[in-house]
Every structure is written in C-alpha cells, then in structure tokens.
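Single-structure report; data block below.
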Ligand code: N01
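Residue numbers (the numbering used here): 1142 to 1677.
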C-alpha cells in the first residue's frame, strides 16, 4: 500500500503526537520501534514542519547542512548529499520527505488536521483530543511536537483589510511560485526571514520598499556549493562531528571561542571577528566566551558589524538606518546572502517606521502623511514563538484547568518537557529547554529519545500516569530565570521574551544554560528515578 498518510483519525491510540516535522517523524519511528500504537496529527498537507510552511524566496537554514541533519539514520547520513554549505528550503523539505519515505510513516500521520482542543480525563487517565475535522481521538500520552516558530505573528495595522493587492506572510508562504516581476513590493520587517527574502525579491521587483522598525545584525553566510571531496571528508568522521556537537553549547561543532575578550586586546578581537566574518556564519557570535555576558566585550563585536554595514552600503543615511545599536546576539544574529548589498540597488528603498505609526490603504502603505504605493505586501513580521502553538491547541489538564491559566504569567515547565497539572503531556523543545539556542535537529533527537524512554519505563513498571511536580517545575523555572538574567540575550525585547506579541506575558522563555548542561540534567533526573515527577 502506498505510504500516503492515514485518511481517518482513529478513535483511540496509545500515543498521539501533534506535528509531523522532524520531531514528530522521529517520535513516530521511536514509538513504532518500541511497539506502541502512535498516530500524528499534522495541520499541513505534508511532512517537514517549519520547512513545509516557510517557502518564502531565499529561505534556507543558518546552520550548516552537514550539521543540520539527523544522526539517528546512519545510512541516510552517508547517502544524502547536501548540495550547499547552507541548504535551501526545498532541499531540506526533500530531506524530510526522504525520511518519511524511508521510515514509511505517512500511514501513521493524519494530514490536514489541526488540533482544536484536548482535555485530560482524570478518571480514565487519558487525553481526549479534538481535531478541526470534528474527529476525536483518545490516547494515554499526548506529545506536542509543534515547533517553536510555527504560529505567525498576525500584525494588526489600521486599514490592513483594505489593501487591494495580494499579501504574503513569510511563515505561511503559498505553495505555488510567487512572481514579483515588474511589481512594486513592500516588505514589513527586517528579521531573519526578511533578511533572507529581500535580496531575492529585489531580483524580480520593479521597486522594493522595506519598512523597518528595528535594524538587525547580520553576518555573511559565505554560502557555497559543497563538493564531493568535502562531503566525503565529513562523512568519514561523522561520529566525531556528532560527538563534538553534543559537547558544544549549541549542539554545533566548531567555532570554539578564542578565549575571553577581557583577556584579549582590542586588535586581537577585531582580527578574530574579521576571521569569522570571512569564514561566514552564525559562529561569529561565539568568538569570545564573555561576549554575551559583558556589554563592553559585546559592543566591540557590534561595532565591527556596524563598520561592515557602513563599508557595504553606499548611501550613508541608509547605512545609518541599517546599523543596530542594541546588544549583538540579543535578537538572533541573522546570517545573510547579499542583504546589505541589496540596498545599493537603485530600485530598493528603506523606510524607517520606528517613529511614526504605519497604516495600510487600498493602494499601499501610509506613514506621516506620505503614501507608498505597492502592488504586493510581504509581512515578514515573525512568530508567536515558543508558546503560540501550545496555547492555540486549547489544552486543559487536571480539573479542566486550561494551559492558558497555568501560563497566565508566562510559560512554566519542568525541563521544557512536562507541565505540572498536565499529566501524560510532553512538549518537544518546550519553553525552558535549550531549543532555539541550539542546532534543532540533534536537540530534537535528545527530547524524542528522553520522552520515549520515559514512556517505556512507565510501561515496564506497569505505571499509567506521570506528572511534573510543582516544586520541580518551580525550581527549574527559578534556575532558568537566574541563568537567563546573567545572559545578555535576555537584555532586549524580542520573540525570546514574548515582547514581539501584544499582550503576551514578558519573560525570557528558552533555557540558556547550554545543551550539555541541559542534557546532563535530563539524564540525572532519570538516574534518580525520574526525580521531580510523580508516577502512578
Ligand atoms: O521574525 P523576527 P523572523 N510593526 O521576529 C518586525 C528563525 N528563522 O521570521 O524588531 C513593524 O525576527 C520586527 O520589528 P522589531 C530565527 O530563529 C530562521 O524574521 O520587533 N514591524 C522584525 O523586524 C529567527 O530569529 C531562519 O522592531 C514589526 C520583524 O518584523 C526567527 O525565525 C530564517 C511589527 C520580525 O522579525 C524569527 O525570524 C528565518 C509591527 N507591528 C527565520 N511586528 C534560518 O535561517 C513585527 N515587526 C533557519
């Protein structure tokens, strides 16, 4: 039978997983390998998660492709030939589909099913999960593999609905090619998605106007084709690379810090930043151990990037507007291909919207009495990150308590994996886990394996329920708060802090203690008999 996806949601399964991105697929494999009856509910029409939705021009990974890949499929690791240093979205989506093909898991995935609600039935010790199609499934375990950046930020500019041309959201790009040839295009936002798409849109558009509220730091990707010899060299020692990843802060091998900026001269720091700039990529940010703790050290990196922007952009006023003044790396450092160079093109314009309110009219955008006519608008305005997908799923735990209430003052979890009051619910890369500060694919593996081992242990012991204890959740959140406070990443308003979404509680959401410390803590919890969890 063709592996095309299950047509109907079953009435009952042992395990329900939400999402068929890389995490959902690996969970399905692990659960099947361990003899569980698991089904995944996926709102998209195919696998791939983030890479299924983010099809905007220029979308590509900012982690090197030989590293942004799975290690749990050693044959695929050897057989898959990444074509570029940084893979573009179509290649990553093809990789996700290759995994689904090899695992033959589509028959365990119900596509085009959005979960609308889930209730924990305390008497039956199981979850009842409702889908947008009206289907309901009951399961003992409910696992949210919904990703950290999967719900677009729906901005609300006055007059938005009146615009007569097409509008696009980078995180929900159409599945058919969009042709901007000859058009006047407006892009709102200058985060990673905009920085990747702007140079590509500029290649087609007749006029491109970018509406920027806050400039962002970006370093060159120095993307290039990978040749057979380079791939072969990495493949020959993949196990070493994977070990190095696992022991690094961000699950990324290479780019070790030179030392502390405080122990280094200004010239030495500048030289190191130049070396990393020439090398390209996100590890620019890891040059010195104290650069994300010490404002003086950070400012040298920031100054270096600002100097590069001014060197690249011909018009001094535009260059000035593009120079960020906040902490480098507090918002995720962007990795670009010809982003700043694009502003030298005569048909590309930058508009500062930081001081005046922007509105939308039938013809385009309006600010300070001036109209900017546009044929199409691209909203590159980001995501309701980390909690968006979990809260939208209307999860109610013990005594019918909604997750919204438990998280009224911000997300709270134990290890980013479990939540007090929500038994038998697991979150992959949930808030208060390292997630977005790491290379997601290997990080996802650790979470999926931990959750699977946990459920296997319960089965071995004849137990049917597990729940994070309130004390454990409290102390993990307190540890998160302390670690976050010391780190400059928590110093700017961003999607890490929830401040990009109107009305969202403010708090630094991901765990910034590093992947090895986090993994060790997860392992310690297991070796201490699932310390901090109550089991029945
Ligand atoms: O979103 P963002 P993104 N009025 O939140 C602006 C990952 N990612 O989709 O900074 C006006 O970074 C907002 O302005 P401001 C990566 O982790 C990875 O670009 O809030 N402007 C900002 O400029 C990344 O960090 C890759 O003042 C408004 C922009 O919209 C994360 O996804 C590629 C506004 C949003 O930037 C999010 O990136 C792409 C408003 N009301 C993304 N609301 C890879 O390379 C928002 N903005 C793998």
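Idealized CB from N, CA, C, for every residue including glycine.
Quiz prompt | For residue 1353: DSSP bridge partner residues | solution = On the chain shown, position 212 is the one that residue 1353 refers to. Within the DSSP secondary-structure output, residue 1353 pairs in a beta bridge with 1493.
Practice problem: Quick one: using the 10 Å Cβ neighbour count with 16 as the cut-off for buried, is residue 1211 buried or exposed? | Solution: Working through the chain shown from its first residue, we reach residue 1211 at position 70. Residue 1211 comes out buried.
Quiz item: Does the separation of the CB atoms of residue 1691 and residue 1251 fall below 8 Å?
Solution: This structure gives no information on residue 1691, because the portion of the chain shown stretches from 1142 to 1677.
Practice problem: Spatial neighbours of residue 1473 within its chain, please: CB distance less than 6 Å, with the 5 preceding and 5 following residues excluded, ordered by chain position. | Solution: Here residue 1473 corresponds to residue number 332 of the chain shown, with the count starting at 1. Excluding sequence positions up to five before and after residue 1473, its CB lies less than 6 Å from no other CB in the same chain.
Quiz item: CB residue 1476 to CB residue 1203, shorter than 8 Å?
Solution: As a first step, residue 1476 must be located in the chain shown, where it is residue number 335. As a first step, residue 1203 must be located in the chain shown, where it is residue number 62. Contact: yes.
Quiz item: Ordered along the chain, which non-local residues of its own chain (more than five positions away) have a Cβ less than 6 Å from that of residue 1287?
Solution: Numbered from its first residue, the chain shown carries residue 1287 at position 146. Exclusion of the five residues before and after residue 1287 leaves 1159, 1160 and 1530 as the residues of its chain whose Cβ lies within less than 6 Å of its Cβ.
Self-check item: Cutoff 7 Å; reference residue 1247; Cβ partners in own chain excluding five residues on either side
Solution: Within the chain shown, numbered from 1, the residue matching residue 1247 stands at position 106. The residues are 1144, 1145, 1146 and 1241.
Self-check item: Close Cβ partners of residue 1401 (< 7 Å) along its chain, the five nearest in sequence each way excluded
Solution: Start at 1 with the first residue of the chain shown, and residue 1401 comes out as number 260. Around residue 1401: 1429, 1430 and 1431.
Quiz item: So the alpha helix (DSSP H) residue 1416 belongs to, where does it begin and stop?
Solution: Sequence index remark: in the chain shown, residue 1416 carries index 275 (1-based). According to the DSSP assignment, residue 1416 belongs to the alpha helix (DSSP H) that extends over 1407-1420.
Quiz item: Secondary structure at residue 1269, three-state DSSP: helix, strand or coil?
Solution: Taking the chain shown and counting its residues from 1, the one referred to as residue 1269 is at position 128. Residue 1269 falls in the strand class under three-state DSSP.
Quiz prompt | For residue 1157 and residue 1188, believed in contact at Cβ under 8 Å, the rounded distance | solution = Within the chain shown, residue 1188 is the residue found at index 47, counting from 1. Within the chain shown, residue 1157 is the residue found at index 16, counting from 1. Wrong, their Cβ atoms sit about 17 Å apart, outside the cutoff.
Quiz item: So is residue 1142 buried or exposed if we call it buried at 16+ other beta carbons inside 10 Å?
Solution: Along the chain shown, read from residue 1 onward, the residue named residue 1142 stands at position 1. Residue confidence is low: residue 1142 scores 46 on pLDDT, short of 50, so the model does not pin down where it sits. Its coordinate-derived value is still stated next. With a threshold of 16 other beta carbon atoms within 10 Å, residue 1142 falls short and is exposed.
Self-check item: Burial state of residue 1466 (16 or more Cβ within 10 Å)
Solution: Indexing the chain shown from 1 puts residue 1466 at position 325. Exposed, by the Cβ-count rule.
Quiz prompt | First through last residue of the beta strand (DSSP E) which encompasses residue 1260 | solution = Indexing the chain shown from 1 puts residue 1260 at position 119. Unbroken beta strand (DSSP E) run through residue 1260: 1256-1262.
Practice problem: Taking only heavy atoms of the ligand N01 into account, decide whether any of them is closer than 7 Å to the Cβ of residue 1311. | Solution: As a first step, residue 1311 is located in the chain shown; it is residue number 170 there, counting from the start. For residue 1311, the CB falls within less than 7 Å of some heavy atom of the ligand N01.
Quiz item: Is any heavy atom of the ligand N01 found at a distance shorter than 7 Å from the C-beta of residue 1109?
Solution: The structure shown does not extend to residue 1109, since the chain is modelled only from 1142 through 1677, so no value can be given for it.
Practice problem: Taking the CB atoms as reference points, tell me whether residue 1298 and residue 1328 lie closer together than 8 Å. | Solution: Within the chain shown, the letter at position 157 stands for residue 1298. Within the chain shown, the letter at position 187 stands for residue 1328. No, the pair does not count as a contact, with Cβ atoms beyond the cut-off.
Self-check item: Helix, strand or coil at residue 1253 [DSSP, three-state]
Solution: By one-based count along the chain shown, residue 1253 stands at place 112. Note: residue 1253 maps to coil in three-state DSSP.
Quiz item: Cβ of residue 1203 versus every heavy atom of the ligand N01: is any distance shorter than 7 Å?
Solution: Against the chain shown, residue 1203 aligns to sequence position 62. Correct: residue 1203 has its Cβ closer than 7 Å to the ligand N01.
Exercise. Consult DSSP for residue 1182 and reduce its assignment to one of helix, strand or coil.
Key: In the chain shown, counting from the first residue as 1, residue 1182 sits at position 41. Strand at residue 1182.
Quiz item: Between the C-alpha atoms of residue 1262 and residue 1528, what's the straight-line distance to the nearest angstrom?
Solution: Here residue 1262 is taken as the residue at index 121 of the chain shown, counted from 1. Here residue 1528 is taken as the residue at index 387 of the chain shown, counted from 1. Rounded to whole angstroms, residue 1262 and residue 1528 show a C-alpha spacing of 23 Å.
Quiz item: Using 8 Å as the Cβ pair cut-off and three pairs as the minimum, do the segment 1332-1343 and the segment 1475-1490 touch?
Solution: Flag = yes, the segment 1332-1343 and the segment 1475-1490 touch.
Quiz item: Nearest CA to the CA of residue 1617: which residue from 1597, 1640, 1651 and 1632?
Solution: To locate residue 1617, count along the chain shown from 1; it is residue 476. Answer by Cα proximity: 1651.
Quiz item: Excluding five sequence neighbours on each side, which residues of the same chain lie with their C-beta closer than 8 Å to the C-beta of residue 1388?
Solution: Position 247 of the chain shown, counted from the first residue, corresponds to residue 1388. Excluding sequence neighbours, residue 1388 sits near 1657.
Quiz item: According to the Cβ coordinates, are residue 1259 and residue 1283 closer than 8 Å?
Solution: Here the question's residue 1259 lines up with position 118 in the chain shown. Here the question's residue 1283 lines up with position 142 in the chain shown. Yes, these two residues count as a Cβ contact at 8 Å.
Quiz item: Roughly how far, in whole angstroms, is the beta-carbon of residue 1634 from the beta-carbon of residue 1306, given that I think they are within contact range, below 8 Å?
Solution: If you number the chain shown from 1, residue 1634 lands on position 493. If you number the chain shown from 1, residue 1306 lands on position 165. Between residue 1306 and residue 1634 the Cβ distance is about 31 Å, and since that is not below 8 Å, they are no contact.
Quiz prompt | Residues of its chain near residue 1605, where Cβ-Cβ distance is below 6 Å and the 5 sequence neighbours each way are ignored | solution = Position 464 of the chain shown, counted from the first residue, corresponds to residue 1605. Excluding the 5 residues flanking it on each side, residue 1605 has same chain C-beta neighbours closer than 6 Å at 1266, in chain order.
Quiz item: What is the C-beta distance between residue 1205 and residue 1227, in whole angstroms, given that I count them as a contact (C-beta under 8 Å)?
Solution: On the chain shown, residue 1205 is found 64 positions in, with the first residue counted as 1. On the chain shown, residue 1227 is found 86 positions in, with the first residue counted as 1. Yes, residue 1205 and residue 1227 are in contact; Cβ-Cβ is about 6 Å, under 8 Å.
Practice problem: Below 7 Å CB to CB, which residues in the same chain sit around residue 1471 once its five sequence neighbours on both sides are set aside? | Solution: Locating residue 1471 in the chain shown gives position 330, where the first residue counts as 1. Counting only Cβ-Cβ distances below 7 Å, and skipping sequence neighbours, we find 1629, 1630, 1632, 1633 and 1635.
Self-check item: Expected contact under 8 Å - CB spacing of residue 1580 and residue 1392 to nearest Å
Solution: Working through the chain shown from its first residue, we reach residue 1580 at position 439. Working through the chain shown from its first residue, we reach residue 1392 at position 251. The distance from the Cβ of residue 1580 to that of residue 1392 is about 4 Å, consistent with a contact at the 8 Å cut-off.
Quiz item: What did DSSP end up calling residue 1640 once you bin it into helix, strand or coil?
Solution: As a working note, residue 1640 is residue 499 in the chain shown. Residue 1640 falls in the coil class under three-state DSSP.
Quiz prompt | Run of the alpha helix (DSSP H) containing residue 1279, from where it starts to where it stops | solution = Taking the first residue of the chain shown as position 1, residue 1279 is located at position 138. Careful: residue 1279 lies outside any alpha helix (DSSP H), inside the beta strand (DSSP E) at 1277-1285.
Quiz item: Nearest-angstrom Cα distance between residue 1441 and residue 1407?
Solution: The residue labelled residue 1441 in the question sits at position 300 within the chain shown. The residue labelled residue 1407 in the question sits at position 266 within the chain shown. Roughly 8 Å between the two C-alpha positions.
Quiz item: Nearest to residue 1223 by CA position, among 1233, 1564 and 1185, is which residue?
Solution: Counting from 1 along the chain shown, the entry for residue 1223 is found at position 82. The candidate whose alpha carbon is nearest that of residue 1223 is 1233.
Quiz prompt | Separation of residue 1310 from residue 1321, as counted between CA atoms | solution = Mapped onto the chain shown, residue 1321 falls at position 180. Mapped onto the chain shown, residue 1310 falls at position 169. Computed Cα separation, rounded: 15 Å.
Quiz prompt | Paired residues, beta bridge with residue 1667 - DSSP | solution = On the chain shown, residue 1667 is found 526 positions in, with the first residue counted as 1. Answer is none; residue 1667 lacks a bridge partner.
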